[in-house]
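Those letters in the sequence shown? Residues 0 to 435, by numbering that gives the first Met the number 0.
Only one structure is covered here, and it is reproduced in the block below.
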Amino acid sequence: MSDNTILVKNSTCTFCGCLCDDMDLTVDLEQKRITKAKNACILGRAWYANHAIEDRPAALIDGVEASVEQAVEEAARILVDARFPIIYGLSDTTCEAQKQAVALADYLKANVDTTTSVCHGPSGVAFQGVGESTATLGEVKNRADLVIYWGGNPAESHPRHFTRYSVTPKGMFVPEGRKDRTVVLVDVRTTKSAPVADIFIKVKPGTDFEVLWALRALVKGRRVDPSIEGRTGVPLSTMTDLVERMKNCRYGVFFFGMGLTMTRGRHFNAGAVLALVTDLNHHTHFVTLPVRGHGNVTGADNVVSWQTGFPFGVNFSRGYPRFNPGEFTTVDLLARGEADAALILASDPASNFPRKAVEHLRRIPVIVLDPKPTNTSELARVAFTTATYGINAPGTVYRMDNVPITLRTAFPSPHPSDEAVLTAINAKVRQLVKKN
Ligand code: SF4
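Below, the structure written as structure tokens:
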């Protein structure tokens, strides 16, 4: 290893909600890039390769290079002048930055929302309504002998979920690892995850709720009409077999993804999973966990919940937090043309929001904090280049099972962290409000 190369052991990959904290990173300090990421999956390696320090301005105002101080001043002015500012994103940054974002929204009587509203928001609604029988991924690794994935494709979206937590690892009560587990995959199509499963069940699109409710009925010993197959594509015999496996396992886990939460039924689907798991606990030990996408989206749910009492889609315009998905979720607000300024933190809504929402984003002043140029930063009035969390910026993140992890950085960045920029905007906003 040369003088300019260091090895950072046990760093955390922040690309997806698995937050694998066993990365051994080889860092070229002269080139300011990670040249090798031992233990990273294909997505993790791409994440590290894409986050070398580039020679970019720290801030832009209307596309013209500016100092961080000038950009902070401009951002604060935009937010103070707005009648209905919104703050959105939050899921690809540290909890410390998220805390500043919520504090800013609270002070400004703004709207704060996270990417949860476009992924597992329905799960959040279902957790409140039905309750959650949950566990850590460590518990799953050590105990689960029946693993069910519903509406997700972890082989492509979370490549190390199988190998690190749920399918192949040997655990205290499953010493033979894969041989000790039965894996079931339920989805509307055959994906790259299907070969991993012992049993693959194909459900007709839009009928997950019906299948889950029929499983509930069977767990409770009720009769289900065989015509359910015509409606859902799943034979009654397959359902009966699955129910027997679920009732007779020692420790079952139900992982569910956006194939369940973002399709017909949404929070009813997530609620049906939670209710089914509750029913199964009359027979054995069963837990359920959503499979979360962005690195710290679970942290965003936690921070917004601690500070407002609600997980996403929170409005402070009356001076106290109100939660109403559909009314205070960002896609809906923008599509109705309601916001008059936006601060976007570590997110790129211009790439994935519906056209009407993006059109409104183009009409209003936008402030963006992101380590990379994005479609949203291109339309921004003020764009900050910030340090990448987990590579250049330290802090706390929450794994998808709500376990907090402290980040170990690889090398410093010339750019400030999201937390530093938001702390400065918070201070400047307070100064401007006092002056007025
Ligand atoms: S599974 Fe996710 S967190 Fe783990 S290395 Fe791959 S991308 Fe990173």
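Beta carbons are placed, not taken as given, at the ideal position from N, Cα and C, and that holds for glycine.
Neighbourhood of Val187 by C-beta distance below 6 Å, restricted to the same chain and skipping five residues each side: So the qualifying residues of the chain are Val202, Pro204.
Segment contact, 8 Å Cβ cut-off, at least three pairs: the stretch 14-22 with the stretch 397-410: With the rule of 3 Cβ pairs closer than 8 Å, the stretch 14-22 counts as touching the stretch 397-410.
Per-residue burial, Tyr319 [other beta carbons within 10 Å of its own, 16 or more giving buried]: Label assigned to Tyr319: exposed.
Cβ contact check for the stretch 294-302 and the stretch 111-120: 3 or more pairs under 8 Å: Enough Cβ pairs lie closer than 8 Å, so yes.
Beta-carbon proximity of Phe383 to Ala58, cut-off 8 Å: For Phe383 and Ala58, yes; Cβs fall inside 8 Å.
When Cys248, Leu275, Met261 are compared against Leu217, the one with the closest alpha-carbon: With distances taken between Cα atoms, Leu217 lies closest to Leu275.
Whole runs of the alpha helix (DSSP H) within the stretch 8-51, excluding any shorter than 4 residues: Counting only runs that start and end inside the stretch 8-51, the alpha helix (DSSP H) elements of at least 4 residues fall at 41-48.
Cβ-based neighbour list, Pro353, same chain, cut-off 7 Å, excluding 5 preceding and 5 following: Cβ-Cβ distances below 7 Å link Pro353 to Val330, Ala334 in the same chain, with the five nearest sequence neighbours on each side left out; the list follows chain order.
Sequence-distant residues of its chain with Cβ nearer than 7 Å to Ser122 (five each side left out): These residues qualify, in order along the chain: Thr260, Ala269, Pro289.
Span of the alpha helix (DSSP H), counted from its first residue to its last, around Gly426: Before going further, note that residue 426 is Ala rather than Gly in the sequence given. Annotation for Ala426: the continuous alpha helix (DSSP H) segment containing it runs 417-434.
Buried or exposed (CB count within 10 angstroms, at least 16 for buried), Met238: Under this definition Met238 is a buried residue.
Where Thr34 falls, given that 16 or more other Cβ within 10 Å makes a residue buried: Under the 10 Å beta carbon count, Thr34 is surrounded by fewer than 16 other beta carbons and is classified as exposed.
Any non-hydrogen atom of the ligand SF4 closer than 7 Å to Gly43 Cβ: For the ligand SF4, at least one heavy atom lies less than 7 Å from the Cβ of Gly43.
Burial state of Ala426, where buried means 16 or more other Cβ atoms lie within 10 Å: Exposed, since its Cβ has fewer than 16 Cβ neighbours within 10 Å.
Cβ distance (whole Å) where Val365 is taken to contact Ile343 below 8 Å: Right, their Cβ atoms sit about 6 Å apart.
Beta strand (DSSP E) runs wholly inside the stretch 319-406, at least 3 long, in chain order: Whole beta strand (DSSP E) segments, 3+ residues: 340-344, 365-369, 381-384, 395-397, 403-405.
Thr385, buried or exposed, once every other Cβ within 10 Å from all chains shown has been counted against 16: Looking at its Cβ environment, which holds 16 or more other Cβ atoms inside 10 Å, Thr385 is buried.
Pairwise C-alpha distance: Arg244 and Tyr164: One C-alpha to the other measures close to 21 Å.
Beta-carbon proximity of Pro168 to Thr162, cut-off 8 Å: Closer than 8 Å, so yes.
Contact belief for Leu421 with Asn110 at Cβ below 8 Å, rounded distance in angstroms: 16 Å between Cβ atoms; not a contact.
The stretch 140-156 contacting the stretch 244-257, beta-carbon criterion three pairs below 8 Å: Short answer: they touch.
Ile424 beta carbon less than 8 Å from that of Ala409: The Cβ-Cβ distance between Ala409 and Ile424 does not fall below 8 Å.
Helix, strand or coil at His414 [DSSP, three-state]: Assigned with DSSP and collapsed to three states, His414 falls in coil, not helix or strand.
Run of the alpha helix (DSSP H) containing Thr237, from where it starts to where it stops: Counting along the chain, Thr237 sits inside the alpha helix (DSSP H) bounded by residues 235-247.
DSSP-derived helix/strand/coil call for Ala58: Strand, per DSSP.
Beta-carbon proximity check, Ser346 vs Tyr87, cutoff 8 Å: Annotated as proximal: Ser346 and Tyr87, with beta-carbon spacing under 8 Å.
Residue span of the beta strand (DSSP E) that contains Leu89, given as start and end: Secondary structure note for Leu89: it is in no beta strand (DSSP E), with a DSSP letter that is neither H nor E.
Residue nearest to Ala356 in terms of C-alpha spacing, selected from Glu337, His281, Asp369, Thr373: The option with the nearest alpha carbon to Ala356 is Glu337.
CB of Thr206 within 8 Å of CB of Arg222, strictly: Cβ distance not < 8 Å, so Thr206 and Arg222 don't count as in contact.
DSSP-derived helix/strand/coil call for Val276: The three-state reading of DSSP puts Val276 in helix, counting H, G and I together.
Own chain partners of Gly232 with C-beta closer than 8 Å, once the 5 adjacent residues on each side are dropped: When the five nearest sequence neighbours on each side are left out, the beta carbons in the same chain lying within less than 8 Å of the beta carbon of Gly232 are those of Lys201, Val202, Lys203, Thr206, in order along the chain.
Assigned exposure category for Gly325 - 16 Cβ within 10 Å defines buried: Gly325 comes out exposed.
First and last residue of the uninterrupted alpha helix (DSSP H) at Lys201: No alpha helix (DSSP H) holds Lys201; the beta strand (DSSP E) holding it covers 198-201.
Whole-angstrom distance between Phe285 and Asp30, CA atom to CA atom: The question names Asp, but residue 30 in the sequence shown is Gln. The alpha-carbon atoms of Gln30 and Phe285 are separated by roughly 49 Å.
Exposed unless 16 or more other CB atoms sit within 10 angstroms - verdict on Pro348: With 16 or more Cβ atoms within 10 Å of its Cβ, Pro348 is classed as buried.
Member of Asp91, Lys191, Thr190 whose CA lies at the smallest distance from the CA of Pro370: Considering only alpha carbons, the answer is Asp91.
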